[in-house]
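One structure is given here, and the rest of the page talks about it.
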Amino acid sequence: MYGAVTSDGMLTFKANRQTLDYDRDEQAYLIRDRVKNRVGAEFGYRIGSATTAVLDVTQTYVRYDNQEGIDTRDSDETRVLLGLKWETTAATTGFAKVGYKEKDFKADSRSTFYGTDWEVGVEWQPLTYSTFRFSTNADTRETNGEGNFIRGRDYTASWKHEWLQRLSSSLRVSRETNEYFIDNDAIDNRDDTLMRYVASLNYEARRYLTFTFFYELADRDSNRELIGYDRNVVGISAEVTL
């Protein structure tokens, strides 16, 4: 990060590396092994007392380890987003960025993707102990088999309320759509829609120990047979922090 706290401009650099390596020896799993290297920068310029204009540029390099028998899915991605960050009141903060995405495959047989990406997040805290959040984003994802890649769009709304000093609850609803792009006019793209509903009750037994009782309902629909499902999960978890 470069720029003084009191300056109007702020430049932030970012980089990360993600590695996926299956332990299975079957070819169906080996062709999924990959490394994703991402570098980028975000420039913010204050245009008001509570508003900052943002330019976010990211370059991603996706490289697969084992692509024998198929056209490689190696690709280079360029993402440019322009938007705003704001804090209109002490209770409301948010950001919204929208822009351009290009995914260029190394294999000529796989079509380059051009599209619109976005990132939006809003937090509203009407009370110090109650918080509402909404977020949505659109991006490309790597496929684990079908198609060249996945075009994903996510929408999430949540509410967290602290009933007592150690007791809180949360509700979350999310909708995830995944379109598997296939370079074959005779086959429709695969379209999946996943709905999740999660309710949880959290108890902080100690400063370092939190117990959570939760219920999750997941419902996935697809235009492919045997892909859709309904799932109900009830569980208890413990989180220990140092």
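For the sequence shown, the working numbering assigns the number 791 to the initial residue and increments by one for each residue that follows. Ideal placement from N, C-alpha and C gives every residue a C-beta, glycine not left out.
Q) Going by the CB atoms, is the gap between Arg828 and Thr850 shorter than 8 Å? A) yes
Q) Is it buried or exposed for Tyr970, if we count other Cβ within 10 angstroms and need 16 for buried? A) buried
Q | Alpha carbon of Tyr819 to alpha carbon of Ala1008, nearest angstrom | A | 25 Å
Q: Below 8 Å on the Cβ atoms is my guess for Glu1093 versus Leu872; work out the distance and round it to an integer in Å.
A: Within the shown structure, residues of the chain are numbered from 791 to 1032, placing residue 1093 beyond reach of any answer.
Q: Output the residue ranges of the beta strand (DSSP E) runs that lie fully inside the segment 897-964 and measure 3 residues or longer, sorted by chain position.
A: 903-917, 920-931 and 939-952
(Q) Restricting to Cα atoms, I'd like to know which of Ile821, Asp866, Asp1020 and Ser899 is closest to Glu892. (A) Asp866
Q) Straight-line CA distance for Asp846 to Asp907? A) 12 Å
**Q.** Cβ pair Thr842, Leu874 closer than 8 Å
**A.** yes
Q) Quick one: what's Gln808 bridged to in DSSP? A) Lys826
Q) Is Ala940 buried or exposed, if buried means 16 or more other CB atoms sit within 10 Å of its CB? A) This sequence places Ile at residue 940; Ala is not what is there. Buried is the call here.
Q) Is the Cβ of Ala840 closer than 8 Å to any Cβ of chain B? A) You won't find chain B in this structure, because it holds only one protein chain.
Q. Can you tell which of Thr882, Phe833 and Ala880 has the C-alpha that lies nearest to the C-alpha of Gly799?
A. Phe833
**Q.** C-alpha distance - Ala989 paired with Asn927, whole-angstrom precision
**A.** 22 Å
Q.
Restricting to Cα atoms, I'd like to know which of Tyr854, Phe803, Arg962 and Ala831 is closest to Ile821.
A. Tyr854
Q. Hey, Thr883 and Arg869 are a contact pair by Cβ (cut 8 Å); roughly how many whole angstroms apart?
A. With a Cβ gap of about 23 Å, Thr883 and Arg869 do not count as contacting.
Q: Would you list the one or two residues that DSSP bridges to Gln857?
A: Answer is none; Gln857 lacks a bridge partner.
Q. Skipping 5 residues on each side, what residues in its chain have a beta carbon closer than 6 Å to that of Gln915?
A. Ala881 and Thr921
Q | Inside the segment 835-899 only - beta strand (DSSP E) runs reaching at least 3 residues | A | 841-854, 865-879 and 882-895
Q: Just grab the DSSP bridge partners of Asp981 for me.
A: Glu969
**Q.** Ser948 beta carbon less than 8 Å from that of Arg931
**A.** no
(Q) Which residue marks the beginning of the beta strand (DSSP E) containing Tyr1005, and which one marks its end? (A) Leu999 to Ser1012
Q) Alpha carbon to alpha carbon, what distance is there between Tyr945 and Glu994? A) 29 Å
Q) How close, in whole Å, do the beta carbons of Ile972 and Asn938 come, if the pair is a contact with beta carbons under 8 Å? A) 7 Å
Q. Where does Trp803 land, buried or exposed, given buried means 16+ other C-beta within 10 angstroms?
A. Contrary to the premise, residue 803 reads as Phe rather than Trp in this sequence. Under this definition Phe803 is an exposed residue.
**Q.** Neighbourhood of Tyr890 by C-beta distance below 6 Å, restricted to the same chain and skipping five residues each side
**A.** Val870
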